[in-house]
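Peer 1:
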Amino acid sequence: MMTLRNLPIKTKLIAMMMLSASIGIFVMAVVISINEAVTMRHDIEAELATLAQVIGSRSTGSLTFNDPRTANENLNALATKKDIVYAAIYQEDGLLFAEYKTTAGNSSLQQQDSSRLTRILHFVSAGKFAGTIEVSNDINFENKQIGTVQIQSDMTTFFVKLLRYLSWVVITLLGCFALSFAVSTRLHKLISTPILDLQAVTSTLAKDDDYSVRIPIYSSDELGNLINSFNTMLEQIEIRDQKLAEYSKHLEILVDERTGELTEANNRRIQWLENMAKFLKHELKNASIGVKSSLELIERRSQQPSINIYLERAKKSLNYMNILLTSVSNASSLEAMIYKEPLNPVNLGLIVKSQIDEYKLSYPQYQFIGDIDHHLNIMGNEDRLRQLLDNLVNNAIEHSHLRTPVTVNLLNNAGIAEISVINEGVKLPDDKDKIFDLFVSLRDAGHWKSDNLGLGLYLVKLITEGHGGWVQASDLPDKAGAIFTVKIPQLVN
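Position in the sequence shown (from 1) plus 1 gives the number in my numbering.
1) Take Phe142 as the anchor and find which of Leu167, Lys162, Gly62 has the nearest alpha-carbon.
2) Which residue comes first and which comes last in the alpha helix (DSSP H) that contains Val31?
3) Looking only at its own chain, which residues have a Cβ that is under 6 Å from the Cβ of His189, when we skip the five neighbours before and after it?
4) Just to confirm, is the Cβ distance from Ile45 to Ser154 under 8 Å?
5) At what residue ranges does the segment 149 to 227 contain a whole run of the alpha helix (DSSP H), taking only runs of 4 or more?
6) Identify, in the order they occur along the chain, each residue of the same chain with its Cβ nearer than 6 Å to the Cβ of Asp445, setting aside the five sequence neighbours on each side.
7) Just to confirm, is the Cβ distance from Ile147 to Glu74 under 8 Å?
8) Considering only their Cβ atoms, is the gap separating Pro490 from Ile420 smaller than 8 Å?
9) Going straight from the alpha carbon of Lys462 to that of Phe485, what length do you get?
10) Can you find the residues in the same chain that come closer than 8 Å, C-beta to C-beta, to Asn348, ignoring five residues on each side of it along the sequence?
11) In three-state terms, what does DSSP make of Thr408?
12) Exposed or buried, which one is Ile33 when buried takes at least 16 other CB atoms within 10 Å?
13) Apply the 10 Å Cβ neighbour rule to Gly95 and answer buried if 16 or more other Cβ atoms are within range, or exposed otherwise.
14) In or out: Ile228 buried (at least 16 other Cβ within 10 Å) or exposed?
15) Would you list the one or two residues that DSSP bridges to Lys422?
16) Between the alpha carbons of Ile85 and Lys162, how many angstroms are there, rounded?
17) Measure from the alpha carbon of Ala22 to the alpha carbon of each residue in Ala179, Met156, Tyr87, then state which is nearest.
18) Quick one: what does DSSP say Val461 is sitting in, helix, strand or coil?
19) Once the 5 residues before and after Ile373 are set aside, which same chain residues still bring their CB inside 8 Å of it?
20) Considering only residues of the same chain and omitting the five flanking positions on each side of Leu390, which have a CB-CB separation below 6 Å?
21) Between the C-alpha atoms of Lys488 and Glu265, what's the straight-line distance to the nearest angstrom?
22) Ser193: which of Tyr219, Thr205, Leu362, Phe437 sits nearest, CA to CA?
23) How is Lys480 classed by DSSP in three states: helix, strand or coil?
24) Flag this pair as yes or no: are the beta carbons of Val150 and Ile90 separated by less than 8 Å?
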């Protein structure tokens, strides 16, 4: 059964049809052969009984007048029947009256033939079909039994006829098997062809995702209904795919339109920023020049101490205005340029390592530690990446306590280059996303090294997004401090 289960379906169908037909034909052949054997034996017995009756009627006078010679002549007439091996006539009292026996040669030959046929047909040479066939018939005269005729026949003729008959049965069986095989090899297609078509279509679907294929329907039976249902399912899927393709195409058009609108709006915003930066730079520069020259004239003409206080305050305000003007110009220029600058393959590990070496020389009073992977490659702009790291480190130094380390890590996190800058010091505000906005500084620095206009982290966000990444801020666990993490996709080889 396990072997049959693993065979192809057409082989299974042929095997099942052949097996069913073979069992029926074989059983029928066995039954017919047994019936024929029984019938032939009965025919032989009937023939011997007829011979015994004929010999008995001919031997009535011999028994009546005690004429054994005539009785022997009647029995010798059986010599023409090669299968009769013995015949005898007995008187009323059971005494042997006449006897017929085959010659030794004939008997030996018949026994030899009978033995050979018996070996060939050993499956029928037992029980009722073994040995000899013996019949007896009473001899009556005037309604009185005067003797008995007994005739014995061997099985030679029986086996010869049976062998001939079985030969035809075997030939007929082989012919029936061949015909059954020929018919089954054609009839199996009624079932195997639809199933094989179904298998071929499912394979095509799994390989090509082509739902336009259909299975031909050959019948209206259960298989036909199954294939019709499967075709209906494919049709529904095809219709859904067409609708999805139309929706996708429409969505692509909408996305392209919206992208175009956003690009145009962004270009207008960048253009506005550039114009605004140029305008502010030009106008404020002119104003600052006027204020500066006026202050210089006042300082030359007046040497009163009280005026010097106001002059110093005015100089500081002018200096702050210049710093603000420069910062706004840099931020606007950077946002306008960052999306236009090309990105090239760079080794981020080498950039971070070289920058940390510079920080150690520039800030000897701070300790820089960390873990750096020197084999991380990304698509980026080397100058902007250095600017990004400078802003993160400067932010960490400005908001860290003295004699606390600044940790810079660069790790590979599932295909993402992850830069983290960690410092102990001022705690982050609750709204951590807002600290990356323009001109926003939500932390009070413990000590100020320069004016803080809230541009550093905004530039970090711009540079990170320009490299296809993102930045986030989080509190340092178990102590006051901050962790700034920049994530940029690695270069795929």
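Built from N, CA and C at the ideal position, the CB exists for glycine as well.
Peer 2: So, from the listed chains and residues:
1) Indexing the sequence shown from 1 puts residue 142 at position 141. It is Gly62 whose Cα lies nearest to the Cα of Phe142.
2) Counting from 1 along the sequence shown, the entry for residue 31 is found at position 30. Unbroken alpha helix (DSSP H) run through Val31: 10 to 59.
3) What you label residue 189 is simply residue 188 of the sequence shown in a count that begins at 1. Excluding residues within five positions, the ones whose Cβ falls inside 6 Å are Lys11, Leu14, Ile15.
4) As a working note, residue 45 is residue 44 in the sequence shown. As a working note, residue 154 is residue 153 in the sequence shown. Going by C-beta atoms, Ile45 is nearer than 8 Å to Ser154.
5) 157 to 188, 190 to 209
6) As a working note, residue 445 is residue 444 in the sequence shown. Annotation note: pLDDT 47 at Asp445 (below 50); position unreliable, no value reported.
7) Within the sequence shown, residue 147 is the residue found at index 146, counting from 1. Within the sequence shown, residue 74 is the residue found at index 73, counting from 1. Not closer than 8 Å, so no.
8) Here residue 420 refers to the residue found at position 419 of the sequence shown. Here residue 490 refers to the residue found at position 489 of the sequence shown. Their beta carbons are not under 8 Å apart, which means Ile420 does not touch Pro490 by this criterion.
9) Translated into the one-based positions of the sequence shown, residue 462 becomes position 461. Translated into the one-based positions of the sequence shown, residue 485 becomes position 484. Between Lys462 and Phe485, the C-alpha separation is close to 11 Å.
10) Here the question's residue 348 lines up with position 347 in the sequence shown. Cβ within range, chain order: His375, His376, Leu377, Asn378.
11) If you number the sequence shown from 1, residue 408 lands on position 407. The answer is strand: DSSP assigns Thr408 an E or B state.
12) Along the sequence shown, read from residue 1 onward, the residue named residue 33 stands at position 32. Exposed: under 16 other Cβ atoms inside 10 Å.
13) As a first step, residue 95 must be located in the sequence shown, where it is residue number 94. With fewer than 16 other Cβ atoms within 10 Å, it is exposed.
14) Within the sequence shown, the letter at position 227 stands for residue 228. Label assigned to Ile228: buried.
15) Here residue 422 corresponds to residue number 421 of the sequence shown, with the count starting at 1. Looking at the sequence shown, residue 422 is not Lys but Val. Looking at the DSSP assignment, Val422 forms a beta bridge with Val409, Phe485.
16) Here residue 85 refers to the residue found at position 84 when the sequence shown is read from its first residue. Here residue 162 refers to the residue found at position 161 when the sequence shown is read from its first residue. Between Ile85 and Lys162, the C-alpha separation is close to 16 Å.
17) The count along the sequence shown starts at 1 and reaches residue 22 at position 21. Ala22 has its Cα closest to that of Ala179, out of Ala179, Met156, Tyr87.
18) Here residue 461 refers to the residue found at position 460 of the sequence shown. It is helical.
19) Here residue 373 refers to the residue found at position 372 when the sequence shown is read from its first residue. Gly350, Val353, Lys354, Ile357, Val409, Asn410, Leu411, listed in sequence order.
20) By 1-based counting over the sequence shown, the position of residue 390 is 389. Cβ-Cβ distances below 6 Å link Leu390 to Gln356 in the same chain, with the five nearest sequence neighbours on each side left out; the list follows chain order.
21) Position 487 of the sequence shown, counted from the first residue, corresponds to residue 488. Position 264 of the sequence shown, counted from the first residue, corresponds to residue 265. Straight-line Cα distance between these residues: approximately 28 Å.
22) Start at 1 with the first residue of the sequence shown, and residue 193 comes out as number 192. Selected option, being the one with the closest Cα: Tyr219.
23) Locating residue 480 in the sequence shown gives position 479, where the first residue counts as 1. Here Lys480 sits in coil by DSSP.
24) Locating residue 150 in the sequence shown gives position 149, where the first residue counts as 1. Locating residue 90 in the sequence shown gives position 89, where the first residue counts as 1. Yes. Within cutoff.
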